[in-house]
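Asker: Questions regarding the structure given below will be posed in turn.
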Amino acid sequence: MTLRVRNVTWWEGPGGELRTCDLRVGDGTGGRVEPATAAPGPDETVIDGHGGVAMAGLVCAHHHLYSALARGMPAPPRPPRGFAEILELVWWRLDRALDREMILASALAGAIDAVRCGATAIVDHHASPFALPGALDALAEGLEAVGLAHVLCLELSDRDGAAVAAAGLAETDAWLASGRPGLVGLHASFTVGDALLDRAVDLARSHGAGLHLHVAEDEVDQRSCLDAHGCRVVERLARAGGLDLPGTILAHGLHLDDAERDLVAASGAWLALNPESNQNNAVGAFFAAGLDPARFLIGTDGMHGDMLRSMQAAFLAGRASGGLAPQDAWRALGNNRRYLEAHHPAAARANDLVVMDYRPPTPLTDDNLLGHALFGLDARQVRTVIAGGKVVLRDGRLTAIDEDATLEFCREQARRLWDALERSQQKDKKHDSPHRPRP
């Protein structure tokens, strides 16, 4: 069924112009968004845009949906001291406790959050080392139930042993062989040995895929790489052939030296910025010097699904550090969709649309759209979301799922996850007790 969205100001995207018009949204794989030039036909369902702003569905270029049930989770056994302990005491404990139902709930919760913020596609970086195989299928099930497109991968690592790494490679191989959009995921260099890195690059090359990994998020990544491999992270990746793969995403990239910046700039790799996560983890700020803004992406690193907020955070972080120009933050948000179009066309649906109830108090023109984007657009204004030509959010209500029942399922799985974390913590305390009998 074709949709007719009436009475909107349409922003066609980077290089496009604002126009007040009705929009025709085609259904199915080949559906597109285009100005409506004739009266609605009998096959069209009419949606009133109420004079709002319409734009292509937003894309999150780097997410961790597996963290969606972490909000309010039990505190770690002790306050983490630095980034490495944040991983060890919080996130690695959580990802080891996940099972399929928890993964499904995480995907549903993350998808609801994202679509309410105007996102229609997510590039996810998943970790559940002891819930393989089937983890990516569970993620896809949750995302598709809400209506979101996706590009998925598993975070491969040696931190849980050779058997877990081999299972992750097999799951990744099966996913990519199915033809669904995906990448070969890796954790940061300091948890990935040479054999795993080589196998991951070979696997990606065999499927014509790219890598998706964290790069120089914290100085510990560089120090470990220098100690173990005698080079810095990007140089190690380049030596292994990871920068030559199509559609590779390097997340963060905060602690790069000039030589690494040259390697990234000369490659086809994309760099995903995650400013709020960087601030939350106190790992530093991103600097754009020597890098190509045309290949900057914006992600959330699992913090939330609000891409407008992430774009504005990148702008503000850039203002504070001098690391990113205002127009580059806005451009990066548009690059997210351009990335999908270039490397994962099945996820780059041309009939994704978000209609926002944005009533600007000042004139909105082609020349000042950036100012409105940085200081006016807000996820609270998202009114209607069309994904793949189907309405998935209408007047603030989800249409594809029962939101109340779904969120209750998510809360049940969160309680199960938290109970597992508490049991693990009690087990660790018992194991570390000075009164524990010696063997």
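First residue of the sequence shown? That's 5 in this note's numbering, and the numbers climb one at a time after it.
Ideal Cβ placement from N, Cα and C applies to all residues, glycine included.
#1: Which residues in the same chain have their Cβ closer than 6 angstroms to the Cβ of Leu525, if we skip the five residues on either side of it in sequence?
#2: How many whole angstroms separate the CB atoms of Ala10 and Val50, which I take to be in contact at a CB cut-off of 8 angstroms?
#3: Pick from Ser161, Asp164 and Cys157: whose alpha carbon is nearest that of Glu175?
#4: Taking a contact to mean a Cβ-Cβ separation below 9 angstroms, would you say Arg100 touches Ser325 in this structure?
#5: Does DSSP put Thr444 in a helix, a strand or coil?
#6: Applying the criterion that 16 or more other CB atoms from any shown protein chain within 10 Å of the CB defines a buried residue, is Pro279 buried or exposed?
#7: What number of angstroms, rounded off, separates the C-alpha of Ala208 from the C-alpha of Asp202?
#8: Considering only C-alpha positions, which residue in the set Ala58, Val29, Val37 and Cys121 is nearest to Thr304?
#9: In this structure, how does DSSP classify Val287 when only helix, strand and coil are distinguished?
#10: Is it buried or exposed for Arg440, if we count other Cβ within 10 angstroms and need 16 for buried?
#11: What are the start and end residues of the beta strand (DSSP E) that includes His67?
#12: Helix, strand or coil for Ala242? Go by DSSP, reduced to three states.
#13: How about the segment 412-423 and the segment 373-380: do they share at least three Cβ pairs that are nearer than 8 angstroms?
#14: Who are the Cβ neighbours of Gly257 in its own chain at under 6 angstroms, not counting the five residues just before and after it?
#15: Measure the beta-carbon distance from Ala123 to Leu69 and round it to whole angstroms, keeping in mind my assumption that it falls under 8 angstroms.
#16: Assuming Ile253 contacts Leu295 under a Cβ cut-off of 8 angstroms, what Cβ separation, rounded to an integer in Å, is found between them?
#17: Evaluate contact between the segment 369-377 and the segment 139-159, counting only Cβ atoms and requiring at least three cross-stretch pairs below 8 angstroms.
#18: Measure the CB-CB distance between Leu180 and His216 and report whether it falls below 9 angstroms.
#19: Roughly how many angstroms lie between the CA atoms of Ser437 and Thr195, to the nearest whole one?
#20: Could you give the DSSP three-state label for Arg442: helix, strand or coil?
#21: What residues are listed by DSSP as bridge partners for Asp128?
#22: Do Leu7 and the ligand ADP come close, with the Cβ less than 8 angstroms from some heavy atom?
#23: What's the C-alpha gap between Ile116 and Arg401?
#24: Using only CA atoms, which one of Pro39, Leu7, Ala135 and Glu38 lies nearest to Asp47?
#25: What is the residue span of the alpha helix (DSSP H) that Glu345 lies within?
#26: By how many angstroms is the C-alpha of Arg184 removed from the C-alpha of Arg442?
#27: Return the chain-ordered ranges of every beta strand (DSSP E) run that is complete within the segment 355-422 and spans a minimum of 3 residues.
Answerer: Based on what the coordinates show:
#1: Any answer about residue 525 is impossible in this case: the structure gives the chain only from 5 up to 443.
#2: The sequence shown places Arg at residue 10, not Ala. In this structure Arg10 touches Val50 by the C-beta definition: roughly 6 angstroms separates them, less than 8 angstroms.
#3: Cys157
#4: no
#5: Lying before the first or after the last residue shown, residue 444 is absent from the chain, which here runs from 5 to 443.
#6: buried
#7: 10 angstroms
#8: Cys121
#9: coil
#10: Residue confidence is low: Arg440 scores 34 on pLDDT, short of 50, so the model does not pin down where it sits. Its coordinate-derived value is still stated next. Arg440 is exposed by the Cβ-count criterion.
#11: Leu62 to His67
#12: helix
#13: no
#14: Val219, Ala220 and Leu275
#15: Rounded, the Cβ-Cβ distance is 12 angstroms, inconsistent with contact.
#16: About 14 angstroms separates the two Cβ atoms, so there is no contact after all.
#17: Contact annotation: the segment 369-377 does not touch the segment 139-159, with fewer than three C-beta pairs closer than 8 angstroms.
#18: no
#19: Low confidence applies here, because Ser437 scores a pLDDT of 40, under 50, leaving its location unreliable; read the following figure in that light. Rounded to whole angstroms, Ser437 to Thr195 spans 28 angstroms at the Cα level.
#20: Because Arg442 carries a pLDDT of 26, less than 50, the predicted location of this residue cannot be relied on, and the following value inherits that uncertainty. Residue state, collapsed to three classes: coil.
#21: His67
#22: For the structure depicted, the ligand ADP is absent and the ligand set is empty, with no information on it obtainable.
#23: Whole-angstrom Cα-Cα distance: 11 angstroms.
#24: Leu7
#25: Pro330 to His347
#26: Bear in mind that a pLDDT of 26 at Arg442, under 50, signals an unreliable position, so the number given afterwards is only what the model happens to contain. Roughly 52 angstroms separates the two Cα atoms.
#27: Runs of the beta strand (DSSP E) inside the segment 355-422: 357-360, 386-391 and 394-398.
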